[in-house]
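*Asks:*
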Amino acid sequence: MGFTKNKEMIAMLLAGGQGSRMGVLTSRVAKPAVPFGGKWRIIDFPLSNCVNSGVDTIGVLTQYQPLELNSYIGNGQPWDLDRLYGGAFILPPYVRGKEGEWYKGTANAIYQNINFIEMYDPEYVLILSGDHIYKMNYNMMLEYHKEKGADCTIAVMPVPIEEASRFGVMNTEADMKIYEFEEKPPQPKSNLASMGIYIFTWSKLKEYLIKDEENVNSSNDFGHDVLPAMLNDGNKMYAYEYKGYWKDVGTVESLWEANMDILDATVPLNLNDPPWKVYSRNNNYPPQFIGEDAVLKNSSVTEGCSIHGTVENSIVFPGVKVGKGAVISNSVIMPDCVIEDGAVVEYAIVAANVKIGKDAHIGQNKKVLKADEHPEISVIGQDLTVAAGVIVPAGAVVSENITSEEKEEA
Amino acid sequence: MNTLGIIFSYTERENLRELTKHRTLSSLPFAGKYRMIDVILSNYVNSDVTDVSIITKDNYHSLMDHVGAGKEWDLTRNKGGLRVLTPYSSPEMPVHAGMYRGDVEALSRNMHSIRRSMAEYVVLSGSGTLYSMDYRDVIEKHVADNADITAVYTRSMNGSKIVPPGVVIFDMDESGRIKDLKYNTNTTDEQDVAWGIGAVVIKKSLLESLVADAMSYQEYDFYEGIMKRLANNLNIRGYEYTGYVMEISSVTDYMKANMSLLDKEMADKFYAAPIYTKIKDSVPVQYCDGCSVKNSIVADGCKIEGTVENSIISRGVRIGKGAVIKNSIIMQNTEVMANVVLDHVILDKDVIVRENRQLVGHETYPVVVEKLSIV
Chain A
1 MGFTKNKEMI
11 AMLLAGGQGS
21 RMGVLTSRVA
31 KPAVPFGGKW
41 RIIDFPLSNC
51 VNSGVDTIGV
61 LTQYQPLELN
71 SYIGNGQPWD
81 LDRLYGGAFI
91 LPPYVRGKEG
101 EWYKGTANAI
111 YQNINFIEMY
121 DPEYVLILSG
131 DHIYKMNYNM
141 MLEYHKEKGA
151 DCTIAVMPVP
161 IEEASRFGVM
171 NTEADMKIYE
181 FEEKPPQPKS
191 NLASMGIYIF
201 TWSKLKEYLI
211 KDEENVNSSN
221 DFGHDVLPAM
231 LNDGNKMYAY
241 EYKGYWKDVG
251 TVESLWEANM
261 DILDATVPLN
271 LNDPPWKVYS
281 RNNNYPPQFI
291 GEDAVLKNSS
301 VTEGCSIHGT
311 VENSIVFPGV
321 KVGKGAVISN
331 SVIMPDCVIE
341 DGAVVEYAIV
351 AANVKIGKDA
361 HIGQNKKVLK
371 ADEHPEISVI
381 GQDLTVAAGV
391 IVPAGAVVSE
401 NITSEEKEEA
Chain B
1 MNTLGIIFSY
11 TERENLRELT
21 KHRTLSSLPF
31 AGKYRMIDVI
41 LSNYVNSDVT
51 DVSIITKDNY
61 HSLMDHVGAG
71 KEWDLTRNKG
81 GLRVLTPYSS
91 PEMPVHAGMY
101 RGDVEALSRN
111 MHSIRRSMAE
121 YVVLSGSGTL
131 YSMDYRDVIE
141 KHVADNADIT
151 AVYTRSMNGS
161 KIVPPGVVIF
171 DMDESGRIKD
181 LKYNTNTTDE
191 QDVAWGIGAV
201 VIKKSLLESL
211 VADAMSYQEY
221 DFYEGIMKRL
231 ANNLNIRGYE
241 YTGYVMEISS
251 VTDYMKANMS
261 LLDKEMADKF
271 YAAPIYTKIK
281 DSVPVQYCDG
291 CSVKNSIVAD
301 GCKIEGTVEN
311 SIISRGVRIG
321 KGAVIKNSII
331 MQNTEVMANV
341 VLDHVILDKD
351 VIVRENRQLV
361 GHETYPVVVE
371 KLSIV
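In order, the protein sequence lines correspond to chains A and B. Each residue of the first sequence is one higher than the one before, starting from 1 at the first, in this note's numbering. Each residue of the second sequence is one higher than the one before, starting from 1 at the first, in this note's numbering.
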């Protein structure tokens, strides 16, 4: 085809997951489209990493609630992915012949798009997922992959050994060659956790994807099926150690923590990094307006906001209005929310386009807390209204409008 | 309606001191994240005019850098789109080539490009006056009046009835036909009169022949050389605009216009229609412990540790601990270090103000610090 060019490496971004552990935050959008950090969405991180690493052809595999994600990625222009050759491609499941099928697992999703990958005739394929916050140069990982002459390279992160049992753990020899792969082992032998970032030599991966598809007992998943199968057959698999900031934001708590990390100067996540910008689709908002009575402390506030109350240790997304006397602390307020006069929001994630009525209180904590413990995080789902004066206890998950008559109690 | 927009990126009557030393008027930063051209270009885009040419004279590099291919204004089009027309010279031309003797000569020199457009009408506009309007309404009236030229005028500016110096005052009869005009030289004498805000609608074919005609008479000014000279022969009409107007031809005007956006009512008018600008992918503003910000506009990418009051802070500005900034405009990427005191100051782009410095201007004469200075 005249409109493609051979690429050394292309990326396949698995963005079809529901992210069910995020509850109401992903009831209307896929996890990669969840807002993060004051102006981004989670998917901006892998997309920007790709572009900054020189990977300019990315297939984005979508399945769950794709509308918002598709319109967000659009033609890929905000990430410089509107290219003559390559760019960003949305790849939903499709019908072949008389029937089609959903993506059965991560490996099956790639299997179903073998034709897309072959269009670029790449030597290597980078497999990414859309639920991690990190900045990483995939090109350095590719150099490592080539240097080791590997069939597959898996990015790993050293984690505290007591936490290793929550991850897929790579047991390696001294030269980082993987000899064993354990999914969530009760007694971990190593502290190298898989980050869910793989580089495969394409010819090898293709062979194993086809084999995996033929195996009716397979769950068609990279971690469960393809990687163990490759290892059993004695393929050269290496671990690539990454030492920067990386966080899986798959749960409400971890999403809140990762947002708070931005405000913590001791956490090595620097987003104000001109040579390695994290790009995002920008709406057309005016600069923010800070009113006469505003009080701002250790917070991140962005375009389109108008702040008349107090904002402390919080991340405020574009277009948020905070009324007089309102207090927002230790919270994440997603785009276009309205926090009316006198309302209090603490230890909460408020999804996009929510209205919190006058003097309402989100995250009221009645539990006695230990010294290093914070109240449970409350979550308010997208497009909801919490009426004036309503009290929402700490840790509550609000998935429907609350009118003043049916005040929610702990 | 198939329309071509033509913007003059400069104006003859401005005196913005250091602010326009390195840039043409229309690329002057405005309201924290914009350039003046953004307001002007957005008028065209919001009026569905997607074939726009910008005529430049000098110092246009920052303008070209800002508008690029017009992507952010949705002006990268197969048909039309954005074109920047720069001055040029060729061996056949007289020595003053490029240094246009007036807007008529500027149009004449760029007629090769204007002629190529398939548009039926042309909407001309300047750069010194900011307003928000839908040009489709003017064209509609232009057609209904069977006019040859329609000029847009206003009778007020931000509630004040004073007419800014250097603008054109129209003398109209009861039917709205412009019989005569003159340039305003005095701000106090003329009150509540119709003055032109720079927007003019004309059929493209008529513009082509009027420009050629004026050039042959060595008339280089559009208002005097075409509209005034031919007022008796042409049907020249006025169109009254009643929205907000910001006239920017001096440093105090510039300061006033920026500061007016701290008023919610004014800001609502200003942002009523979308204003597009170049995207920088800056990070959100970081408000550190100990900062205090009141009644101010802050653009993304800033880090604020000090005190800011009644000010406009542009993208990527850093304000150090203990610094106190009042009634000031701080442009892009400028750094104000610890314990600096600023009042009625305009800091241009990429300025550094070192620790403990104090700069105080006055409402009527703000201190202006030139681009790239170190204080």
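C-beta atoms are modelled at their ideal positions from N, C-alpha and C, and glycine is treated no differently.
Cβ atoms of residue 22/A and residue 252/A: under 8 Å apart, would you say?
*Replies:* Yes. Within cutoff.
*Asks:* Threshold first: 3 residues or longer. Then list the beta strand (DSSP E) segments lying entirely within the stretch 85-142 of chain B, N to C.
*Replies:* Taking only runs of at least 3 residues, the beta strand (DSSP E) segments lying wholly in the stretch 85-142 of chain B are 121-125 and 129-131.
*Asks:* What distance in whole Å lies between the Cβ atoms of residue 356/A and residue 343/A, which are believed to be in contact at a cut-off of 8 Å?
*Replies:* At roughly 5 Å, the Cβ-Cβ gap stays under 8 Å, so residue 343/A and residue 356/A are in contact.
*Asks:* Cβ atoms of residue 221/A and residue 352/A: under 8 Å apart, would you say?
*Replies:* Contact flag unset, no.
*Asks:* Going straight from the alpha carbon of residue 272/B to that of residue 53/A, what length do you get?
*Replies:* Spanning the two alpha carbons is a distance of roughly 40 Å.
*Asks:* Under 8 Å, Cβ to Cβ, is there at least one residue of chain A near residue 29/B?
*Replies:* Taking Cβ atoms only, chain A never reaches closer than 8 Å to residue 29/B, which makes this a no.
*Asks:* Which partner residues does residue 30/B have in the DSSP bridge list?
*Replies:* DSSP lists 34/B as partners of residue 30/B.
*Asks:* Hey, residue 27/B and residue 62/B: beta-carbon distance below 8 Å or not?
*Replies:* Cβ atoms of residue 27/B and residue 62/B: closer than 8 Å.
*Asks:* Within 8 Å (strictly less), CB to CB, does residue 330/A reach chain B?
*Replies:* Not an interface residue.
*Asks:* Taking only runs of the beta strand (DSSP E) that begin and end inside the stretch 348-400 of chain A, which ones reach a length of at least 3 residues, in chain order?
*Replies:* Correct list: 348-350, 361-364, 378-380 and 391-393.
*Asks:* Apart from the five residues on each side of it in sequence, which residues of its chain come closer than 7 Å, Cβ to Cβ, to residue 268/A?
*Replies:* Counting only Cβ-Cβ distances below 7 Å, and skipping sequence neighbours, we find 244 and 245.
*Asks:* Give, in chain order, every residue of the stretch 292-320 of chain A whose Cβ lies closer than 7 Å to some Cβ of chain B.
*Replies:* From the stretch 292-320 of chain A, only 292, 294, 296, 297, 298, 299, 300, 301, 302 and 303 have a Cβ closer than 7 Å to chain B.
*Asks:* When DSSP labels each residue in this structure, what does residue 214/B get in the three-state scheme?
*Replies:* Correct three-state label for residue 214/B: helix.
*Asks:* At the 8 Å Cβ level, is residue 147/B part of the contact set with chain A, yes or no?
*Replies:* Cβ-Cβ to chain A under 8 Å: no for residue 147/B.
*Asks:* Beta carbons nearer than 7 Å to chain A: which residues of the stretch 281-300 of chain B have them?
*Replies:* Listed by position along the chain: 281, 283, 284, 285, 286, 287, 288, 289, 291, 293, 294, 295, 296, 297, 298, 299 and 300.
*Asks:* Restricting to Cα atoms, I'd like to know which of 278/B, 372/B, 284/B and 290/B is closest to residue 67/B.
*Replies:* Residue 278/B is the option with its Cα nearest to residue 67/B.
*Asks:* Scan the stretch 33-44 of chain B for residues whose Cβ lies nearer than 8 Å to a Cβ of chain A and list them as they occur along the chain.
*Replies:* Answer set for the stretch 33-44 of chain B: 33.
*Asks:* Measuring alpha carbon to alpha carbon, tell me which residue in 392/A, 328/A, 13/A and 284/A is nearest residue 110/A.
*Replies:* The shortest Cα separation from residue 110/A among 392/A, 328/A, 13/A and 284/A belongs to 13/A.
*Asks:* Residue 246/B to residue 154/B, Cα distance in whole Å?
*Replies:* Going from the Cα of residue 246/B to the Cα of residue 154/B covers about 11 Å.
*Asks:* Quick check on residue 296/B: does DSSP put it in helix, strand or coil?
*Replies:* The answer is strand: DSSP assigns residue 296/B an E or B state.
*Asks:* Which residue's Cα is closest to the Cα of residue 168/A: 239/A, 335/A and 90/A?
*Replies:* With distances taken between Cα atoms, residue 168/A lies closest to 239/A.
*Asks:* Starting from the beta carbon of residue 133/A, find every residue of chain B whose beta carbon is closer than 7 Å, and list them in chain order.
*Replies:* Result: empty, since nearest Cβ-Cβ is about 14 Å, beyond 7 Å.
*Asks:* Can you tell which of 265/B, 313/B, 322/B and 347/B has its C-alpha closest to the C-alpha of residue 19/B?
*Replies:* Nearest option by C-alpha distance: 347/B.
*Asks:* Given that residue 289/A touches chain D, what residues does it touch there, using C-beta distances under 9 Å?
*Replies:* In the displayed structure, chain D is absent; the protein chains listed are A and B.
*Asks:* Would residue 72/A pass as an interface residue toward chain B - the criterion being a Cβ-Cβ separation below 8 Å?
*Replies:* Not closer than 8 Å to any Cβ of chain B, the Cβ of residue 72/A fails to qualify, so no.
*Asks:* Do you know offhand how far residue 81/A's Cα is from residue 241/A's?
*Replies:* Answer to the nearest angstrom: the Cα atoms are 28 Å apart.
*Asks:* If you follow the beta strand (DSSP E) that residue 61/B is in, where does it begin and where does it stop?
*Replies:* Here residue 61/B belongs to no beta strand (DSSP E); instead the alpha helix (DSSP H) covers 61-67.
*Asks:* If we ignore side chains and look at the alpha-carbon of each, how far apart do residue 373/A and residue 316/A end up?
*Replies:* Approximately 23 Å, taken between the alpha carbons.
*Asks:* Can residue 266/B and residue 244/B be called in contact, C-beta distance under 8 Å?
*Replies:* Yes, the Cβ-Cβ distance between residue 266/B and residue 244/B is below 8 Å.
*Asks:* Which one or two residues does DSSP pair with residue 250/B in a beta bridge?
*Replies:* Paired residues: 15/B.
*Asks:* Whole alpha helix (DSSP H) runs in the stretch 250-290 of chain A with 4 or more residues, listed along the chain?
*Replies:* As far as the stretch 250-290 of chain A is concerned, its whole alpha helix (DSSP H) runs of at least 4 residues are 252-263.
*Asks:* Per DSSP, which one or two residues make a beta bridge with residue 240/A?
*Replies:* For residue 240/A, which the question treats as bridged, DSSP gives the partners 155/A.
*Asks:* Does the stretch 147-165 of chain A come close enough to the stretch 43-51 of chain A to have 3 or more Cβ pairs within less than 8 Å?
*Replies:* Contact fails: fewer than three Cβ-Cβ distances are below 8 Å.
*Asks:* Shorter than 8 Å from the beta carbon of residue 268/A to some beta carbon of chain B?
*Replies:* Not an interface residue.
*Asks:* Using 8 Å as the cut-off, can you tell me whether the stretch 121-135 of chain A makes contact with the stretch 5-12 of chain A, which would need three or more C-beta pairs spanning the two stretches below that distance?
*Replies:* At 8 Å Cβ cutoff, the stretches touch.
*Asks:* Can you check whether the C-beta of residue 276/B is within less than 8 Å of a C-beta belonging to chain A?
*Replies:* Chain A, which has a Cβ nearer than 8 Å to the Cβ of residue 276/B, makes this yes.
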